[in-house]
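Here's the structure, in structure tokens; my notes come after.
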Amino acid sequence: MQIVLLMDSKKVFITFAVVCITAPVFGVLVGGYLIQKLGGYTDNRALDACFYISILAALSGIFLPLIDFIPLFVLLIWLLLFFGGSIVPGLTGILISSVPNKTKEVANSITHLCYNLLGYLPSPVLYGLICKYTGGAESRFGLAFILCWSVFGVGFLHLARMQRKKLINNSIPLFDLDDSSPSLENNRRKTINANALGALYGRLSSRPNAE
Numbered sequence: 035m036q037i038v039l040l041m042d043s044k045k046v047f048i049t050f051a052v053v054c055i056t057a058p059v060f061g062v063l064v065g066g067y068l069i070q071k072l073g074g075y076t077d078n079r080a081l082d083a084c085f086y087i088s089i090l091a092a093l094s095g096i097f098l099p100l101i102d103f104i105p106l107f108v109l110l111i112w113l114l115l116f117f118g119g120s121i122v123p124g125l126t127g128i129l130i131s132s133v134p135n136k137t138k139e140v141a142n143s144i145t146h147l148c149y150n151l152l153g154y155l156p157s158p159v160l161y162g163l164i165c166k167y168t169g170g171a172e173s174r175f176g177l178a179f180i181l182c183w184s185v186f187g188v189g190f191l192h193l194a195r196m197q198r199k200k201l202i203n204n205s206i207p208l209f210d211l212d213d214s215s216p217s218l219e220n221n222r223r224k225t226i227n228a229n230a231l232g233a234l235y236g237r238l239s240s241r242p243n244a245e
């Protein structure tokens, strides 16, 4: 922002601090509240909500390298971090509920390892390399590359939704109860949720037991 947008250094530091503190925090709070209102992260709509929020996050960042108007640039960064934070509660819950109880801690640890190893660690290196060979400090190609990478996240969430839909369409009733019985509907819903969420991360969670 100092070199490309010619923004005063003091304003850059203040703006950076305000945006990086408020946007993710409000995003996590709003995202958690939204998922809760939808019925929790085990509800089928939770994955859909995360998918649509990811689209908003991608759209907020994909045009940033083309913008020179500072207020709009700051607003889009805020929205990018806000929507990005909003996805965290839902996807974290989906991950934890998709694996058996004995592997929840391991799954959570592997997730954070992937965050750091495949996301946070290479991003500054790739940004610097791309800028080095495309114009130096004033190049915007590094920022464009990093922000456009979010398209892959949207794509993978779309694949997860397709897989879940396939599992739901092919689901087989597991309990031989009367069709009007609420237990049958509840058990069907639990089974569909468990299988769909488990397939999202390659593991099937335990099926609910009939009472």
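Residue numbers (the numbering used here): 35 to 245.
For every residue, glycine included, the Cβ atom is placed at its ideal position computed from N, Cα and C.
Taking just the CA atoms, how far does residue j sit from residue i?
i: residue 202; j: residue 196; result: 10 Å
i: residue 138; j: residue 130; result: 6 Å
i: residue 79; j: residue 72; result: 7 Å
i: residue 100; j: residue 186; result: 20 Å
i: residue 160; j: residue 176; result: 7 Å
i: residue 163; j: residue 178; result: 13 Å
i: residue 110; j: residue 174; result: 16 Å
i: residue 123; j: residue 62; result: 6 Å
i: residue 95; j: residue 184; result: 9 Å
i: residue 46; j: residue 59; result: 20 Å
i: residue 169; j: residue 158; result: 16 Å
i: residue 234; j: residue 125; result: Only weak support is given to the placement of residue 234: the predicted model assigns it a pLDDT of 46, under 50, and the value that follows is read from those uncertain coordinates. Going by the C-alpha atoms only, they are around 10 Å apart.
i: residue 54; j: residue 117; result: 13 Å
i: residue 166; j: residue 172; result: 10 Å
i: residue 206; j: residue 103; result: Note that residue 206 scores 47 on pLDDT, short of 50, meaning its location in the model is unreliable and no value can be drawn from it.
i: residue 121; j: residue 200; result: 23 Å
i: residue 140; j: residue 134; result: 10 Å
i: residue 91; j: residue 193; result: 18 Å
i: residue 144; j: residue 70; result: 25 Å
Can you tell me whether residue i is buried or exposed? The criterion is at least 16 other CB atoms within 10 Å of its CB, across all chains shown.
i: residue 50; result: exposed
i: residue 156; result: exposed
i: residue 83; result: buried
i: residue 107; result: buried
i: residue 87; result: buried
i: residue 43; result: exposed
Please state if the CB of residue j and the CB of residue i are separated by a distance shorter than 8 Å.
i: residue 151; j: residue 57; result: no
i: residue 181; j: residue 93; result: no
i: residue 65; j: residue 119; result: yes
i: residue 127; j: residue 75; result: yes
i: residue 81; j: residue 198; result: yes
Give a yes or no on whether 8 Å exceeds the smallest Cβ distance from residue i to chain C.
i: residue 127; result: You won't find chain C in this structure, because it holds only one protein chain.
Where in the region 84-142 do unbroken runs of the alpha helix (DSSP H), each at least 4 residues long, occur, reported from the N-terminal end onward?
104-131
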